[in-house]
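Since the structure comes first, as structure tokens, the remarks are kept for the end.
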Amino acid sequence: MPVSPVFETTIDRLCILSEDGTFDDTLGAGLIPDQDAVALYRHIMLCRHFDEIAFKLQRSGRMGTYPENRGQEVTSLGAAYALQSTDWLVPCYRENAGLFWRGLPMEKILLHWMGDERGNDIDPDLHITPLAIPIGTQMLHAVGLAWAKKYRGDKSLACTFFGDGATSEGDFHEAMNFAANLDIPTIFFCQNNGWAISVPTHIQCSAPTIAQRALAYGMPTIQVDGNDIFAVVKAVKDAAQRARETCRPSFIEATTYRLGDHTTADDARRYRDEEEVAAWQNRDPLVRLRMYLEQRDLWDESQETAMKREAEKTIVDVVKRAEEIEAPVSTDMFDSMYATTPENLKTQRRTMRTTSLGQDPSQLPSNAPKPANA
Ligand SMILES: Cc1ncc(C[n+]2csc(CCOP(=O)(O)OP(=O)(O)O)c2C)c(N)n1
Ligand SMILES: [Mg+2]
-15 MPVSPVFETT IDRLCILSED GTFDDTLGAG LIPDQDAVAL YRHIMLCRHF
35 DEIAFKLQRS GRMGTYPENR GQEVTSLGAA YALQSTDWLV PCYRENAGLF
85 WRGLPMEKIL LHWMGDERGN DIDPDLHITP LAIPIGTQML HAVGLAWAKK
135 YRGDKSLACT FFGDGATSEG DFHEAMNFAA NLDIPTIFFC QNNGWAISVP
185 THIQCSAPTI AQRALAYGMP TIQVDGNDIF AVVKAVKDAA QRARETCRPS
235 FIEATTYRLG DHTTADDARR YRDEEEVAAW QNRDPLVRLR MYLEQRDLWD
285 ESQETAMKRE AEKTIVDVVK RAEEIEAPVS TDMFDSMYAT TPENLKTQRR
335 TMRTTSLGQD PSQLPSNAPK PANA
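Using this note's numbering, you'd call the opening residue of the sequence shown number -15 and step up by one each time.
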């Protein structure tokens, strides 16, 4: 019996607006109309300023840990731009630009990182789930949401964002397997920024691309330049069309880089070379889009100065709204837990004491076994 290949394929890499400003008209013409390109650029400037101020709030003790988004803005933004408002955005924690584009009030993200649960209380009409801090859990939620959409015969989908590191989690593989085998309209959007905190991608993925992980599930897959908003928009539009027409899920690996530390609790200088960071500064998605606009006379220095001023003013108001909200009260934790609060929790709510911490043994139910030391 001769040996013959049972499976052969290639994976495409898509780039439309390259790092030196060259634009591929064949792929990119008409993809983002001029006025939208300007609006997207203005939005990235606003998000960059938000990021800077959030970092300063943490440094001055006005907020908890914060993960800077700088350098990765166009991955989630391109996706949010390409999708419809009824499609779910299921984020991890570095997708501010896409969430704000969809309409999430900016103060919600500040409240989240200030440790205020009201930051996670999101208007359901926005179709955005709260930030997922445990790595990987959100991918399963996205598949569940998309499955529900399919059951209802609704042509929308779920797009979930995660990092390169998250693709080493069991949750990732379960979500991919389930979506692929049951035809669940999900877009798996991997933001490969080269690092999972201090672990470089090549240490946790011995394959040359993350995109090829999808092949094992028989899922259409592509790699895109994640600092090129045009490439991201095209890849997401193609995946969304496939999901709407056939319910098939897709995988997108967007190569990008976080220009800041992992979070404010990290110091990336301890594990990254300065030359690597400098090389990626030259690929900054903000600079790249500005080059595109200037080449077409859509943007100039006076607009840049005016937008900077506008961003500063907007973010001052955002911070004010986040800091002026009245402080939460301790009983809130009982009020959002159950539709009808059980009797034992009503008692805890009234007394703010519990038997489980040994604070109030009188709350033990009458039929509970006596503690060993009683
Ligand atoms: C289940 C779980 N394990 C570990 C962590 C700690 N942790 C937080 S971020 C992170 C790295 C994630 O890397 P990646 O998925 O590449 O995302 P990035 O931050 O680079 O965008 C880890 C291990 C966590 N939050 N959740
Ligand atoms: Mg990463």
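Cβ atoms here follow ideal geometry from the backbone N, Cα and C, with glycine treated the same way.
Ligand 1 heavy atom lying under 7 angstroms from the CB of residue i
| i | result |
| --- | --- |
| residue 87 | no |
| residue 246 | yes |
| residue 131 | no |
| residue 118 | yes |
| residue 78 | yes |
Span of the alpha helix (DSSP H), counted from its first residue to its last, around residue i
| i | result |
| --- | --- |
| residue 31 | 18 to 43 |
| residue 56 | First-last for residue 56: undefined, no H or E at that position. |
| residue 10 | 9 to 12 |
| residue 265 | 258 to 265 |
| residue 127 | 121 to 135 |
| residue 329 | 327 to 335 |
| residue 401 | With the chain covering -15 to 358 only, the question about residue 401 has no answer from this structure. |
| residue 154 | 154 to 165 |
| residue 187 | 185 to 188 |
Rounded C-alpha distance that separates residue i from residue j
| i | j | result |
| --- | --- | --- |
| residue 241 | residue 287 | 27 angstroms |
| residue 80 | residue 336 | 36 angstroms |
| residue 26 | residue 245 | 24 angstroms |
| residue 74 | residue 132 | 14 angstroms |
| residue 1 | residue 119 | 31 angstroms |
| residue 91 | residue 346 | 42 angstroms |
| residue 341 | residue 330 | 17 angstroms |
| residue 262 | residue 209 | 18 angstroms |
| residue 30 | residue -12 | 55 angstroms |
| residue 203 | residue 110 | 28 angstroms |
| residue 333 | residue 324 | 13 angstroms |
| residue 351 | residue 327 | 16 angstroms |
| residue 421 | residue 266 | As displayed, the chain neither begins before -15 nor continues past 358, which places residue 421 out of reach and without an answer. |
| residue 89 | residue 167 | 33 angstroms |
| residue 93 | residue 68 | 22 angstroms |
| residue 163 | residue 253 | 39 angstroms |
| residue 309 | residue 301 | 12 angstroms |
| residue 343 | residue 316 | 20 angstroms |
| residue 289 | residue 65 | 25 angstroms |
| residue 283 | residue 274 | 7 angstroms |
| residue 102 | residue 37 | 20 angstroms |
| residue 298 | residue 249 | 27 angstroms |
Host beta strand (DSSP E) of residue i (start-end)
| i | result |
| --- | --- |
| residue 142 | 142 to 147 |
| residue 283 | From DSSP, residue 283 is part of no beta strand (DSSP E); its letter is neither H nor E. |
| residue 343 | Element bounds for residue 343: n/a, residue is neither H nor E. |
| residue 209 | 205 to 209 |
| residue 175 | 170 to 176 |
| residue 73 | 72 to 74 |
heavy atom of ligand 2 below 7 angstroms from residue i C-beta
| i | result |
| --- | --- |
| residue 250 | no |
| residue 148 | yes |
| residue 264 | no |
| residue 180 | yes |
| residue 177 | yes |
Anticipated Cβ contact below 8 angstroms, residue i with residue j, distance rounded
| i | j | result |
| --- | --- | --- |
| residue 62 | residue 271 | With a Cβ gap of about 16 angstroms, residue 62 and residue 271 do not count as contacting. |
| residue 233 | residue 224 | Contact doesn't hold; Cβ gap of about 11 angstroms is too wide. |
| residue 214 | residue 15 | 6 angstroms |
| residue 176 | residue 247 | Incorrect: roughly 18 angstroms between the Cβ atoms, too far for contact. |
| residue 72 | residue 174 | That belief does not hold up - the Cβ atoms of residue 72 and residue 174 are roughly 17 angstroms apart, past 8 angstroms. |
| residue 148 | residue 194 | 6 angstroms |
| residue 83 | residue 112 | 6 angstroms |
| residue 231 | residue 134 | 6 angstroms |
| residue 122 | residue 146 | 7 angstroms |
| residue 28 | residue 58 | 7 angstroms |
| residue 207 | residue -3 | 4 angstroms |
Closer than 7 angstroms: residue i CB and nearest ligand 3 heavy atom
| i | result |
| --- | --- |
| residue 56 | The model depicted lacks ligand 3 and carries ligand 1 and ligand 2 instead. |
Open item on the list: Quick check for students: name the residue ranges of the beta strand (DSSP E) that lie wholly in the region 212 to 239, counting only runs of 3 or more.
Closed with: 234 to 239
Open item on the list: To test your reading of the DSSP string, which unbroken alpha helix (DSSP H) runs of 4 or more residues are found completely within the region 291 to 324?
Closed with: 316 to 319
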